[in-house]
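Student:
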Amino acid sequence: MIQKLLLLMLMLGCLSGYTQRYKSDNTHIRFFSDAPMEDIEAINESASSIIDVEKMAIVIVVPIKSFSFQKKLMQEHFNENYLESDQYPNATFKGKLLDWDGSTGEADARAMGTMEIHGVEQEITIKGTLNYSDEELSVEAVFPIKLADYDIKIPKAVFYKIAEEVEVTAKFQYKPYEKN
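The sequence shown begins at 766 in my numbering and counts up one residue at a time.
Structure, rendered in structure tokens:
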């Protein structure tokens with residue numbers, strides 16, 4: 766938890782100066798693996814995020830150990846064998862919002878930036894929907910993650926149980942953030 770807070774504070778330093786910032790108040794991240802032998806789903810509601818509307822910057826930190834699975838053994842294998850969450854405790858995204866002019870209401874938008882998972886960084890673009898008012902901001906996106914892109918190995922013994930590409934659904938609710 767301390768690592769997560771320190772990382773978020775460090776990233777917030779990148780967004781210094783007075784600007785219109787929003788901090789995630791409510792987060793929901795789901796990943797889904799559709800494989801021939803078994804579907805796998807995990808939910809994480811412990812992510813943190815900041816959006817700087819003036820700079821169109823976004824930072825997201827996702828604690829890997831906070832993903833919850835229906836089967837305890839899946840969660841254990843996910844953390845120990847695949848994501849190695851003791852060594853790589855967080856997934857992060859740092860990027861810029863594109864295709865949005867900061868106006869209120871609902872709009873399609875993209876975020877382009879660096880996703881880091883399992884210690885590997887990849888440049889990605891994520892399409893989603895943004896809904897903005899002066900008091901609230903929400904973001905929703907659905908996008909694929911290829912496990913091989915992040916050096917996540919699938920043992921041959923479970924190859925038919927885990928998809929090579931997982932679907933990620935992310936929903937963030939933000940409230941105005943004021944630096945103390």
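Cβ atoms here follow ideal geometry from the backbone N, Cα and C, with glycine treated the same way.
1) Could you tell me if residue 802 is buried or exposed, where buried requires 16 or more neighbouring beta carbons within 10 angstroms of its beta carbon?
2) Tell me which residues share the same chain as residue 927 and place their Cβ nearer than 7 Å to its Cβ, disregarding the 5 neighbours each side in the sequence.
3) Would you mind reading off the limits of the beta strand (DSSP E) that contains residue 902?
4) So for residue 831, helix, strand or coil by DSSP?
5) Alpha carbon to alpha carbon, how far is residue 902 from residue 894? Give it in angstroms, no decimals.
6) Taking Cβ to Cβ, would you say residue 897 is nearer than 8 Å to residue 786?
7) Pull up the distance between the alpha-carbon of residue 889 and that of residue 930, whole angstroms please.
8) With DSSP run on the structure shown, which of helix, strand or coil describes residue 895?
9) Hey, is the segment 858-876 in contact with the segment 817-835, meaning 3+ C-beta pairs nearer than 8 Å?
10) Is the separation between the beta-carbon of residue 906 and that of residue 892 shorter than 8 Å?
11) From the DSSP secondary-structure annotation, give me the bridge partner or partners of residue 860.
12) Use the C-beta contact count for residue 868: other C-beta atoms within 10 angstroms, 16 or more gives buried, fewer gives exposed.
13) Kindly list the residues whose CB is nearer than 7 Å to the CB of residue 777, restricted to its own chain and excluding five residues on each side of it in sequence; keep chain order.
14) Can you look up residue 799 in the DSSP assignment and give me helix, strand or coil?
Tutor: Short version:
1) exposed
2) 798, 800, 805, 919
3) 902-911
4) helix
5) 11 Å
6) no
7) 15 Å
8) strand
9) yes
10) yes
11) 823, 878
12) exposed
13) Unreliable placement is indicated for residue 777, whose pLDDT of 48 sits below 50; the coordinate value is still reported in the next sentence. These residues qualify, in order along the chain: 815.
14) strand
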